[in-house]
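Protein chains in written order, with my numbering: chain A, 1 to 151; chain B, 1001 to 1420.
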């Protein structure tokens, strides 16, 4: 697999083409906006949280394939997770895309996230992959300000 | 020295444009990227450097390094002579009247900030206006916003049409007595548009308004004659004309520069200093506080010689050919839309692909060794005008070839394949 194939894996291309949970969540009680001013990527993450459990998650917005697929995979993993578990996923993802963990060694723990294992080879694209996850963190904390990749 | 350059230029001009020989002057063009030969199409961001520029930099440090002005020793005199001879070279390059009108700065950005600070801010007040265009680089927006914040003046923006051309009628209607300054880009870095600056300068002058021209994207592609243009200020950067980074030029009419207070204080910009009173140095030294980028200036001189040896007329013809070939080639790609279709255009092709974000385009064609820029190109208002987040931009220079454009086009087709 070339570097490029490892970045644009089928999972990423599929999620980009047909993103999951790509809608506004009418009864959301948490939301946050994320923005990358360098490329104009912009996403809103919606959560419905009850008793510390994420019952529903969705997102809206636009951006590159890496950012959209990342948001889509993220949203599909959140249902039924506790806030602590979600925060754990955020840390796991961040460690993956910054090359601090090996996607092969940690394949079990990573599951679907392993598709983003190639991102760490492309430092310019790490922010694309991370945007939705930063936004998720803000939504969990219920911060209403816009999260920017340039802070 | 100058005679030699003239002879070389005329010999080259008589021959066919030999792009292979030009490419041989740029060592970086021999390297490979991601296992492919480098195809460098990011020239609007910065150009590559020929051997003569790289050698001038290293020769200066190996043989002549010393601080300029006031030194009585041999090396200081040599360094001073080289530094000042480049000032004359630059004067001739843009046909300024005197060397005193050539100020060495860090780049076009610093040139604009200098004029904003020392010229415009002192002449403008609440309710006055500064006119710029919708296609300006952030470096020709933000300094004026700062002036407006500090003075209560207002920034007026000339709109552009769907082709990315300036609305000249709107511009001329804007030139009311409230307008105290006009600052306009010669060639747009994100659209390639060449603005009708001769007419724009004339209209502004008819209303008594001075004009700054941002020539950063112009000087390595077309002949610039500041006296013929009659602009009041003209700025450009060395690194976009095959010179080093960190060195640029501010040209200002002597009368304007005389009237302006220094931008920065320090050594070299004074005649005498006492705690009671300091007397500033003459032009242009008044604006060159501190030890300047001497090596950068020396190497910029080599870049000017290099451009002269190839010939701006020949460069212009070659780049026009590249622009039309690139435009025709990419137009055959399904779902590709060119942003910036002005009738007068430099060799810049900004484009979008349906359903593919520019950053994905940039990453994928980088794997083919092709360097293009993706993003807002420091012109966010242009992106807003066209309702897009970013573009992919290929920008050409004297060493690019039709074969490289074929590699670019193949790369774009591969992007479509990845996303099919």
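No residue lacks a Cβ here, since even glycine has one placed at the ideal position from N, Cα and C.
Is residue i buried or exposed, if buried means 16 or more other CB atoms sit within 10 Å of its CB?
i	result
residue 1028 of chain B	exposed
residue 1074 of chain B	exposed
residue 1225 of chain B	exposed
residue 1013 of chain B	Any reading at residue 1013 of chain B must be qualified, since the residue scores a pLDDT of 46, below 50, and its modelled position is unreliable; no value is offered.
residue 149 of chain A	buried
residue 1061 of chain B	exposed
residue 1048 of chain B	buried
residue 1072 of chain B	exposed
residue 125 of chain A	buried
residue 1243 of chain B	buried
residue 1253 of chain B	buried
Assign residue i to one of three DSSP states: helix, strand, or coil.
i	result
residue 42 of chain A	strand
residue 36 of chain A	strand
residue 60 of chain A	strand
residue 1388 of chain B	coil
residue 1181 of chain B	strand
residue 1014 of chain B	Confidence is the limiting factor: at residue 1014 of chain B the pLDDT is only 48, short of 50, which leaves the residue's position unreliable and the question unanswerable from this model.
residue 1403 of chain B	helix
residue 143 of chain A	coil
residue 1338 of chain B	strand
residue 93 of chain A	helix
residue 1203 of chain B	helix
residue 1285 of chain B	helix
residue 4 of chain A	helix
residue 1124 of chain B	coil
residue 120 of chain A	helix
residue 1220 of chain B	coil
residue 1251 of chain B	strand
residue 1174 of chain B	helix
residue 1084 of chain B	helix
residue 1106 of chain B	coil
residue 1166 of chain B	strand
residue 1356 of chain B	strand
residue 23 of chain A	coil
residue 1019 of chain B	helix
For residue i, I'd like the list of residues in its chain whose CB is within less than 7 Å of its CB, leaving aside the five on either flank, ordered along the chain.
i	result
residue 74 of chain A	132, 133, 136
residue 1270 of chain B	1278, 1279, 1280, 1281
residue 20 of chain A	72, 75, 76
residue 17 of chain A	none
residue 1395 of chain B	1041, 1042, 1043, 1044, 1347, 1348
Looking at the strands, I want to know which residues DSSP matches up with residue i.
i	result
residue 131 of chain A	Paired residue(s): none; residue 131 of chain A is not in a bridge.
residue 1037 of chain B	B:1032
residue 1042 of chain B	B:1395
residue 1154 of chain B	B:1129
residue 1451 of chain B	Beyond the ends of chain B as shown, which are 1001 and 1420, falls residue 1451 of chain B; an answer cannot be given.
residue 1214 of chain B	B:1185, B:1235
residue 1119 of chain B	In the DSSP output, where bridge partners are listed per residue, residue 1119 of chain B has none listed.
residue 1345 of chain B	B:1193
residue 1371 of chain B	B:1040
residue 1351 of chain B	B:1338, B:1392
CB-CB under 8 Å to residue i, same chain, minus the five flanking residues each way: which ones, in chain order?
i	result
residue 1145 of chain B	1155
residue 1099 of chain B	1084, 1087, 1088, 1091, 1284
residue 1112 of chain B	1139, 1140, 1143, 1183, 1212, 1214, 1235
residue 1046 of chain B	1239, 1240, 1245
Cutting at 6 Å between CB atoms, please list the residues of its own chain near residue i, excluding the five before and the five after it.
i	result
residue 53 of chain A	82
residue 1336 of chain B	1330, 1351, 1353
residue 11 of chain A	115
residue 1375 of chain B	1390
residue 1241 of chain B	1219, 1220, 1303
residue 1344 of chain B	1194
residue 1216 of chain B	1108, 1236, 1237, 1240
residue 1001 of chain B	Any reading at residue 1001 of chain B needs caution, since the residue's pLDDT is 39, under 50, leaving its predicted position unreliable; the model's value is listed next. Nothing meets the Cβ criterion.
residue 1187 of chain B	1194, 1217, 1218, 1346
residue 1245 of chain B	1239
residue 1017 of chain B	1314, 1318
residue 1323 of chain B	1347
residue 1019 of chain B	1401
residue 146 of chain A	33, 35
Report whether the distance from the Cβ of residue i to the nearest heavy atom of the ligand ZN is below 8 Å.
i	result
residue 105 of chain A	The ligand ZN is absent from the structure shown, which contains no ligand whatsoever.
- prompt: What residues in the segment 1384-1401 of chain B bring their beta carbon closer than 7 Å to a beta carbon of chain A?
  reply: 1389, 1390
task: With 7 Å as the C-beta to C-beta threshold (strictly closer), list the residues of the segment 1130-1164 of chain B near chain A in chain order.
output: none
message: Output needed in chain order: residues of the segment 41-70 of chain A with a Cβ under 9 Å from some Cβ in chain B.
response: 41, 42, 62, 63, 64, 65, 66, 67, 68
query: Taking any Cβ of chain B, which residues in the segment 122-151 of chain A have a Cβ under 8 Å from it, in chain order?
result: 122, 124, 125, 128
field: Contact list for the segment 1033-1055 of chain B against chain A, Cβ threshold 9 Å
entry: 1034
- prompt: For the segment 1344-1366 of chain B, which residues have a beta carbon sitting closer than 8 Å to at least one beta carbon of chain A?
  reply: 1356, 1357, 1358, 1359, 1360, 1363, 1364
field: Residues of the segment 1221-1233 of chain B with Cβ closer than 8 Å to any Cβ of chain A, in chain order
entry: none
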